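**Student:** Position 28 (the sequence shown) corresponds to 37 in this note's numbering; numbering is contiguous.
Could you have a look at this structure, given as structure tokens, before my questions?
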Amino acid sequence: MLQGITMLLVAFPMGWCADRGSKAGIIRLGGIFTIAAGVATSGVVMLTGNDETERERHALLLAMACCACLWGVVDAVAKGPRPALFADSLATGSRSRWFSYAFMMNKVGRVLGPALTILAFRSYGDSWTLPKIRVVFLCGMVVELLGAPLYFLYSDSSVVDDSSALPLLRAQGAAEDSNGRKEQASDQEQPGVREVVPRGPSISTSAGIGPEQVPFVILAYSIIVAFGSGMTIKFFPLFWKEDVGLTPAQVQGIFLLVPIVIAMASVFAVRLSRQIGRICTIISMKGVGVACLVLMVTLRKRVSAAVLIAIYLARTGSMNATIPLEQSTLMDFVSSKARARWKSLQSITSLGWCGSAVLGGILADAHGYEFTFLVTAFLQGLGTCLLVLIMELVPMEHEHRPQDVKDPPKRDYGTIAEGPVAGGNGEEPQRRS
């Protein structure tokens, strides 16, 4: 909880500094905090035992709380300036694919974590005892420290020329010009860039939502879904341990499979988005995830543990597979000089995780895990419904081969979201003519 609160407090200031200064510089600062957090956490874990006095125990708890705050700063960098610089390094129209690659590599690391945990439990004893758990903690800290030097390899020089261009504030189809005639323009084609069909300046949905509101809708969706997820995600290990009766190694086996399933589902989601669009894909995948969570509740006492695990894997894969699509959509509708702030602003969802985790624990104690799962499913479904508002505004991406084309005529494509509010810093929204 302290880790999430710390991230919430420092994320936006770090994003603001990254947008106004150097994103790579802030990322390097995150590398320093990673080293400090890893060393400090390792020290606390090694000092922890079963024979401390009450005063020593309180001191260790305070030290671990400080470590959690350090990790909160690391998370703020990892979820703000780092993906923003990554987005700046990609041409508009190709972000879904590259965000998917990065997402899959992240899942590879999450496979190795549980694998090492299973190996450690098998080697030192498959039981919930402090000496065994200490080994697992220290293995995790070693891996964290090995990755810290990579933070210092980022550079602002990796930003491509396309990154400062107009964000993708247009929907499919052609727009009426001032004489009522339809005009179409295509982006200058570059290798690996998908074709996007632009739209005119006066774009809005039937609900009155325009391109400049797309980031706000995505933010609201993220907050609601995260609040619902936070009520149960942290309690799934307890559910498998207490309600289903799995051993530590079996529980880690589930979380070993989860990243693999998510990576496979993300590949499917990106490919599906090329057929039905990003927003339709997100809504469909989230719907499958919500349905699977409800199935876990209704079939809890009627099926075996293996069936429950299969449903859980399908649920987790569907719910998380759309993350690359969500990130690429947000980055396409936000200008380069505001991306770190918007990514950092999304970390407000950590407040939902912190508050909803407490609420989820209370509900689980009073009504059981099944009731809490149903509440989570309702909130996730409710948040997903918000995406219907922007379905018409997010264009479909189509693969094409690069070829020589003339530069398209300049047009007014509408307002750019410059920051937490359109225009940023109280200024009038910028327009490009």
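Note that CB positions come from ideal geometry on N, CA and C, so glycine has one too.
Model, not experiment: these values are computed from the prediction.
1) According to DSSP, what are the bridge partners of V299?
2) Return helix, strand or coil for V19, following the three-state DSSP convention.
3) Alpha carbon to alpha carbon, what distance is there between L99 and W107?
4) Go to R311, then tell me how far its alpha helix (DSSP H) extends in each direction, as first and last residue.
5) By how many angstroms is the C-alpha of P158 removed from the C-alpha of S164?
6) Looking at L265 and V54, is the spacing between their C-beta atoms short of 8 Å?
7) Is DSSP giving L11 helix, strand or coil here?
8) Looking at A77 and S353, is the spacing between their C-beta atoms short of 8 Å?
9) In terms of residues, what are the limits of the alpha helix (DSSP H) holding I332?
10) Which residues in the same chain have their Cβ closer than 7 Å to the Cβ of Y378, if we skip the five residues on either side of it in sequence?
11) Quick one: using the 10 Å Cβ neighbour count with 16 as the cut-off for buried, is T62 buried or exposed?
12) What span of residues does the alpha helix (DSSP H) with Q355 cover, start to end?
13) Check whether the stretch 223-230 touches the stretch 86-94, counting contact only when three or more Cβ pairs, one atom from each stretch, lie closer than 8 Å.
14) With burial defined as no fewer than 16 other Cβ atoms inside 10 Å of the residue's Cβ, what is the status of G65: buried or exposed?
15) Would you identify the three-state DSSP class for M400, choosing helix, strand or coil?
16) Which residue from F42, L79 and I127 puts its Cα closest to that of Y160?
17) Alpha carbon to alpha carbon, what distance is there between A49 and A72?
18) What residue from L56, L322 and S238 has the CA that sits closest to L388's CA?
19) Cβ of V303 within 8 Å of Cβ of A386?
20) Rounding to the nearest angstrom, what Cα-Cα distance links F130 and K141 in this structure?
21) Could you have a look at R441 and say whether DSSP puts it in helix, strand or coil?
22) Taking the alpha-carbon of V348 as reference, which of V297, C26, I371 and A46 has the nearest alpha-carbon?
23) Using the C-alpha atoms, what's the distance from T138 back to L322?
24) Quick check on this structure: which residue in I218, A68 and I44 has the alpha carbon closest to the alpha carbon of V152?
25) So what's T290 in DSSP terms, helix, strand or just coil?
26) How should H67 be labelled, buried or exposed, when 16 other C-beta atoms within 10 angstroms of its C-beta is the threshold for buried?
27) What are the boundary residues of the alpha helix (DSSP H) that D60 is part of?
28) Taking L281 as the reference, which of R309, A330, A319 and Q259 has the closest Cα?
29) Do you know offhand how far P257's Cα is from E401's?
30) What span of residues does the alpha helix (DSSP H) with Y133 cover, start to end?
31) From the DSSP output, in three-state form, read off E192 for me.
32) Is the beta carbon of M150 sitting closer than 8 Å to the one on G47?
33) Could you please give the first and the last residue of the uninterrupted alpha helix (DSSP H) stretch that includes F277?
34) On the three-state DSSP scale, how would you describe L155?
35) Considering only their Cβ atoms, is the gap separating V306 from F236 smaller than 8 Å?
**Tutor:** Once the coordinates are examined:
1) Your numbering for residue 299 matches position 290 in the sequence shown. None, per the DSSP bridge assignment.
2) Along the sequence shown, one-based indexing puts residue 19 at 10. Note: V19 maps to helix in three-state DSSP.
3) In the sequence shown, the residue the question calls residue 107 occupies position 98. In the sequence shown, the residue the question calls residue 99 occupies position 90. Each residue's alpha carbon lies about 8 Å from the other.
4) In the sequence shown, counting from the first residue as 1, residue 311 sits at position 302. Looking at the DSSP string, R311 is not in any alpha helix (DSSP H), and its letter there is neither H nor E.
5) Translated into the one-based positions of the sequence shown, residue 164 becomes position 155. Translated into the one-based positions of the sequence shown, residue 158 becomes position 149. If you take the alpha carbons of S164 and P158, they lie about 13 Å apart.
6) For the purposes of this step, residue 54 is taken as residue 45 along the sequence shown, with counting starting at 1. For the purposes of this step, residue 265 is taken as residue 256 along the sequence shown, with counting starting at 1. Taking 8 Å as the cut-off, the beta carbon of V54 is found no closer than this to the beta carbon of L265.
7) To locate residue 11, count along the sequence shown from 1; it is residue 2. Correct three-state label for L11: helix.
8) In the sequence shown, residue 353 corresponds to position 344, counting from 1. In the sequence shown, residue 77 corresponds to position 68, counting from 1. In this structure, A77 does not lie closer than 8 Å to S353 by Cβ.
9) For the purposes of this step, residue 332 is taken as residue 323 along the sequence shown, with counting starting at 1. Where I332 is concerned, the enclosing alpha helix (DSSP H) stretches over I332 to D341.
10) Start at 1 with the first residue of the sequence shown, and residue 378 comes out as number 369. Closer than 7 Å at Cβ, skipping near neighbours: F244, F248 and D252.
11) Here residue 62 is taken as the residue at index 53 of the sequence shown, counted from 1. Per the 10 Å Cβ criterion, exposed.
12) Numbered from 1 along the sequence shown, position 346 holds the residue referred to as residue 355. Unbroken run through Q355: none, as it is neither H nor E.
13) no
14) For the purposes of this step, residue 65 is identified with residue 56 of the sequence shown, where counting begins at 1. First, the residue type needs correcting, since residue 65 is Glu and not Gly in the sequence shown. It counts as exposed.
15) Locating residue 400 in the sequence shown gives position 391, counting from the first residue. Three-state DSSP puts M400 in coil, outside helix and strand.
16) As a working mapping, residue 160 is identified with position 151 in the sequence shown. Ranking the options by Cα distance to Y160, first place goes to F42.
17) Counting from one through the sequence shown, the residue named residue 72 turns up at place 63. Counting from one through the sequence shown, the residue named residue 49 turns up at place 40. Whole-angstrom Cα-Cα distance: 8 Å.
18) Counted from its first residue, the sequence shown places residue 388 at position 379. When each option's Cα is compared against that of L388, the closest is S238.
19) The count along the sequence shown starts at 1 and reaches residue 303 at position 294. The count along the sequence shown starts at 1 and reaches residue 386 at position 377. Yes, they are a contact pair.
20) Here residue 130 refers to the residue found at position 121 when the sequence shown is read from its first residue. Here residue 141 refers to the residue found at position 132 when the sequence shown is read from its first residue. Whole-angstrom Cα-Cα distance: 7 Å.
21) By 1-based counting over the sequence shown, the position of residue 441 is 432. Residue confidence for R441 is low, a pLDDT of 37 falling below 50, so the modelled location carries little weight; the figure read from the coordinates is stated next. Looking at R441 - three-state DSSP - the assignment turns out to be coil, as it is neither helix nor strand.
22) Taking the first residue of the sequence shown as 1, we reach residue 348 at position 339. Looking at the sequence itself, residue 348 is Arg, so the reference to Val does not match. Closest by alpha carbon: C26.
23) Here residue 322 refers to the residue found at position 313 of the sequence shown. Here residue 138 refers to the residue found at position 129 of the sequence shown. Each residue's alpha carbon lies about 27 Å from the other.
24) As a working mapping, residue 152 is identified with position 143 in the sequence shown. A check of alpha carbon separations from V152 across I218, A68 and I44 identifies I44 as the nearest.
25) Here residue 290 refers to the residue found at position 281 when the sequence shown is read from its first residue. Helix, per DSSP.
26) Looking up residue 67 in the sequence shown gives position 58. When all chains shown are included, H67 counts as exposed.
27) Taking the first residue of the sequence shown as position 1, residue 60 is located at position 51. First-last for D60: undefined, no H or E at that position.
28) Position 272 of the sequence shown, counting from 1, holds the residue named residue 281. For the residues R309, A330, A319 and Q259, the minimum Cα distance to L281 belongs to A330.
29) Numbered from its first residue, the sequence shown carries residue 257 at position 248. Numbered from its first residue, the sequence shown carries residue 401 at position 392. One C-alpha to the other measures close to 46 Å.
30) Here residue 133 is taken as the residue at index 124 of the sequence shown, counted from 1. Segment R104 to Y133, the alpha helix (DSSP H) holding Y133.
31) Numbered from its first residue, the sequence shown carries residue 192 at position 183. Residue placement at E192 is flagged as unreliable, the pLDDT there being 40, under the threshold of 50; the coordinate-derived value follows with that caveat. Three-state DSSP puts E192 in a strand.
32) As a working mapping, residue 150 is identified with position 141 in the sequence shown. As a working mapping, residue 47 is identified with position 38 in the sequence shown. Their beta carbons are under 8 Å apart, which means M150 touches G47 by this criterion.
33) Residue numbering aside, residue 277 sits at position 268 when the sequence shown is read from its first letter. Taken as a continuous stretch (DSSP letters only), the alpha helix (DSSP H) holding F277 covers P257 to I285.
34) Counted from its first residue, the sequence shown places residue 155 at position 146. Reduced to three states, the DSSP call for L155 is helix.
35) By 1-based counting over the sequence shown, the position of residue 236 is 227. By 1-based counting over the sequence shown, the position of residue 306 is 297. Between F236 and V306, the C-beta spacing is not below 8 Å.
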